[in-house]
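Asks: For the sequence shown, my numbering gives the first residue as 522, with consecutive numbering after it.
Sharing a structure here in C-alpha cells format.
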Amino acid sequence: MDVLLGLLIIAIGSFGQSSSYVPIKKIKSWEWENFWLVQGIFAWLVFPLLGALLAVPEGGSLFSLLSSGGALMSIIYGVLWGVGGLTFGLSMRYLGVALGQSISLGTCSAFGTLFPALMAGTDLFHGEGLVLLLGVCITLAGIAVIGYSGSLRSRSMSEEEKKAAVKDFALTKGLLVALLAGVMSACFALGLDAGSPIKEAALSANVNPLYAGLPVILLVTFGGFLTNAAYCFWQNIKNGTTKDYFKVSPSLFINNVLFCMLAGVLWYSQFFGLEMGKSFFTDNAVLMAFAWSILMSLNVVFSNLWGIILREWAGADRKTLVALGIGLLILIFSIFFPSLV
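See the structure below:
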C-alpha cells in the first residue's frame with residue numbers, strides 16, 4: 522500500500538509538470554525569453570524556497586541546514602541542469618508538448634537514473650542493479666516507440682498541418698535540441714544525490730520525511746535559474762525585448778504574471794511530489810533508485826495526453842496513433858516493473 526501511495530503522489534506531481542506548459546499558451550505579447558524568465562522566477566526560486574522552508578527544523582534555520590554539506594555541488598549540477606532546462610523549453614517550441622517532452626524526458630530518465638547508480642558503485646549486471654538497468658531499458662523502449670510515432674506523424678503530414686499543430690515545427694533541429702536537453706537535465710538527479718547530506722541532516726533533526734529533501738531541490742533549481750536567467754537576459758539585449766516586460770497594458774501584465782506563476786507552481790509540483798513519494802519507498806532500494814525514471818515516464822505519459830488534448834496529433838494516421846499507444850503502454854509497464862520483480 523505504501524508503494525502505491527508513493528506512486529500516486531509522484532503521479533500527481535507529474536501531472537502538474539506536464540500541465541505546466543498549458544498556461545504559457547495564455548501569455549500574450551511577450552517573447553519566449555520574457556515569459557521563460559518570469560515563469561522561471563516562480564518555478565526555480567519562489568516555490569522551491571517555500572518548499573524548502575517546510576524542512577527547517579524547529580529552532581533551526583534554512584541557512585544552517587544548507588551548510589550541512591554538498592550545497593556547492595548541488596548548485597553546480599543545477600547550473601548544468603539549467604542548460605537542459607533551457608533547451609527543454611526550445612524542444613517544446615520545435616516539436617510540441619508531446620514529442621518534445623517525450624524525447625527530452627526519455628533521455629533524461631535513462632541518464633538521471635543510471636549516473637547516480639554508477640557513481641555509487643552499483644553493479645548494473647547483477648541483483649538490484651540488473652533490475653534497475655532492465656527498468657531503464659523498458660523505459661527507453663517506450664520512448665523509442667513514441668519517437669517512432671513522431672517520425673511517422675512527420676512523414677504523413679503536410680507542412681501546413683505541421684505548422685498548424687506546432688507553429689515552429691522542425692523535426693531534425695527539435696530532435697537534436699531534445700536529446701541535448703535530456704542529457705543535461707539528468708544533472709538534476711546528480712544534484713539531488715550530491716545534496717544528500719542536507720537531507721540526512723534534516724532527517725536527523727526530526728524533520729518530516731515528506732519534506733526532508735526539499736532544501737536540496739532549492740539548491741539545484743537555484744543553479745538552473747542562474748543559467749536560464751543569463752541566457753534570457755542575453756536574448757533580451759540581443760532582440761531588444763528588455764522593455765517588453767512592462768510594455769504591455771497593466772491588465773495584460775497581470776494576466777501574464779499570473780499565468781507564469783501558475784506554470785511555475787505546476788512545474789515545481791513534480792519535484793515536490795517526487796520527494797514526498799520517495800519517502801514511501803525507503804524499504805525498497807530499487808524503487809528509491811528508480812523513482813527518477815518513474816517520474817520521467819509519467820511526465821511523458823501525461824505530456825502526450827496533453828498533446829492529444831491540444832490536437833498536436835491531429836491529422837496523424839492510424840498507424841501513427843497505434844505506435845503512440847503502444848509506446849505509452851510500455852512506459853506505464855515500466856513504472857510498475859521494479860515492484861513486480
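Even glycine gets a Cβ: it sits at the ideal position worked out from N, Cα and C.
Would you mind listing the alpha helix (DSSP H) stretches within the stretch 803–833 that are 4+ residues and don't spill past its ends, in chain order?
Replies: Counting only runs of 4 or more, we get 806–830.
Asks: Would you give the residue range spanned by the alpha helix (DSSP H) that S855 belongs to?
Replies: Taking the first residue of the sequence shown as position 1, residue 855 is located at position 334. Here the alpha helix (DSSP H) through S855 covers R839 to L861.
Asks: Could you tell me whether the Cβ atoms of G798 and G527 are closer together than 8 Å?
Replies: Here the question's residue 798 lines up with position 277 in the sequence shown. Here the question's residue 527 lines up with position 6 in the sequence shown. Contact: yes.
Asks: In whole angstroms, what separates the C-alpha of N727 from that of I758?
Replies: Within the sequence shown, the letter at position 206 stands for residue 727. Within the sequence shown, the letter at position 237 stands for residue 758. Roughly 48 Å between the two C-alpha positions.
Asks: Using CA coordinates, which residue listed in F780, L651 and F743 is at the minimum distance from P544?
Replies: In the sequence shown, counting from the first residue as 1, residue 544 sits at position 23. When each option's Cα is compared against that of P544, the closest is F780.
Asks: Looking at the structure shown, is S540 part of a helix, part of a strand, or coil, going by DSSP?
Replies: Taking the first residue of the sequence shown as position 1, residue 540 is located at position 19. Three-state DSSP puts S540 in a helix.
Asks: Can you tell me whether P867 is helix, strand or coil according to DSSP?
Replies: There is simply no residue 867 to check, as the chain begins at 522 and stops at 862 in what is shown.
Asks: Whole angstroms are fine: how far does the CA of K840 sit from the CA of W834?
Replies: Walking along the sequence shown from the start, residue 834 turns up at place 313. Walking along the sequence shown from the start, residue 840 turns up at place 319. Rounded to whole angstroms, W834 to K840 spans 12 Å at the Cα level.
Asks: Within a Cβ cutoff of 8 Å, which residues of the same chain sit near L731, ignoring the five residues on either side of it in sequence?
Replies: Here residue 731 refers to the residue found at position 210 when the sequence shown is read from its first residue. Correct list, in chain order: E796, M797 and S800.
Asks: What residue from S612, A662, W755 and A641 has the CA that sits closest to L696's CA?
Replies: Residue mapping note: residue 696 aligns to position 175 of the sequence shown, counting from 1. Out of S612, A662, W755 and A641, S612 has the C-alpha closest to the C-alpha of L696.
Asks: Let me confirm a value: L529 is counted as buried when at least 16 other C-beta atoms fall within 10 Å, else exposed. Which label applies?
Replies: Indexing the sequence shown from 1 puts residue 529 at position 8. With fewer than 16 Cβ atoms within 10 Å of its Cβ, L529 is classed as exposed.
Asks: Provide the residue span of the alpha helix (DSSP H) that contains N749, from first to last.
Replies: Locating residue 749 in the sequence shown gives position 228, where the first residue counts as 1. Looking at the DSSP string, the run of the alpha helix (DSSP H) that includes N749 is L735 to N760.
Asks: Could you tell me whether the stretch 637–648 touches the stretch 601–611, using the rule of 3 or more Cβ pairs below 8 Å?
Replies: These segments do not touch.
Asks: By alpha-carbon positions, which one of L842, L850 and G846 ends up nearest to L872?
Replies: Because residue 872 is not part of the residues shown, which for the chain are 522 to 862, the question remains open.
Asks: With respect to the alpha helix (DSSP H) encompassing I545, which residues constitute its N-terminal and C-terminal limits?
Replies: Position 24 of the sequence shown, counted from the first residue, corresponds to residue 545. First-last for I545: undefined, no H or E at that position.
Asks: So, under 8 Å CB-CB, L747 and V600 are touching, yes? Tell me the CB distance rounded to an integer number of Å.
Replies: Along the sequence shown, one-based indexing puts residue 747 at 226. Along the sequence shown, one-based indexing puts residue 600 at 79. With 8 Å as the limit, L747 and V600 qualify as a contact, their Cβ atoms being about 6 Å apart.
Asks: Give the DSSP-derived three-state secondary structure of P730 in the structure shown.
Replies: Stepping through the sequence shown from its first residue, residue 730 is reached at position 209. Looking at P730 - three-state DSSP - the assignment turns out to be coil, as it is neither helix nor strand.
Asks: From this set, G605, G591, I664 and W551, which residue's C-alpha is nearest N820's C-alpha?
Replies: In the sequence shown, residue 820 corresponds to position 299, counting from 1. Here the closest residue by C-alpha is I664.
Asks: Measuring only the C-alpha atoms, how far is N825 from G627?
Replies: Your numbering for residue 825 matches position 304 in the sequence shown. Your numbering for residue 627 matches position 106 in the sequence shown. Straight-line Cα distance between these residues: approximately 13 Å.
Asks: If you pair each beta-carbon of the stretch 735–745 with each one of the stretch 761–768, do three or more pairs fall below 8 Å?
Replies: No: the two stretches stay apart, fewer than three of their Cβ pairs being nearer than 8 Å.
Asks: Rank Q791, I830 and N805 by C-alpha distance to the C-alpha of P818 and give the top, closest one.
Replies: Residue numbering aside, residue 818 sits at position 297 when the sequence shown is read from its first letter. In the sequence on display, residue 818 carries Ser and not Pro. Closest option to S818, Cα to Cα, is Q791.
Asks: Within the continuous alpha helix (DSSP H) that includes K720, where are the two ends?
Replies: To locate residue 720, count along the sequence shown from 1; it is residue 199. It spans S717 to S725 - the alpha helix (DSSP H) in which K720 sits, taken as one unbroken run.
Asks: Quick check on the DSSP output: what are the complete alpha helix (DSSP H) runs of length 4 or more inside the stretch 545–595, in order along the chain?
Replies: Entirely contained in the stretch 545–595, the alpha helix (DSSP H) runs reaching 4 residues are, in chain order, 553–562, 568–574 and 583–587.
Asks: Rounded to whole angstroms, what is the Cα-Cα separation between I890 and S814?
Replies: Beyond the ends of the chain as shown, which are 522 and 862, falls residue 890; an answer cannot be given.
Asks: Can you look up L645 in the DSSP assignment and give me helix, strand or coil?
Replies: Counting from 1 along the sequence shown, the entry for residue 645 is found at position 124. Three-state DSSP puts L645 in coil, outside helix and strand.
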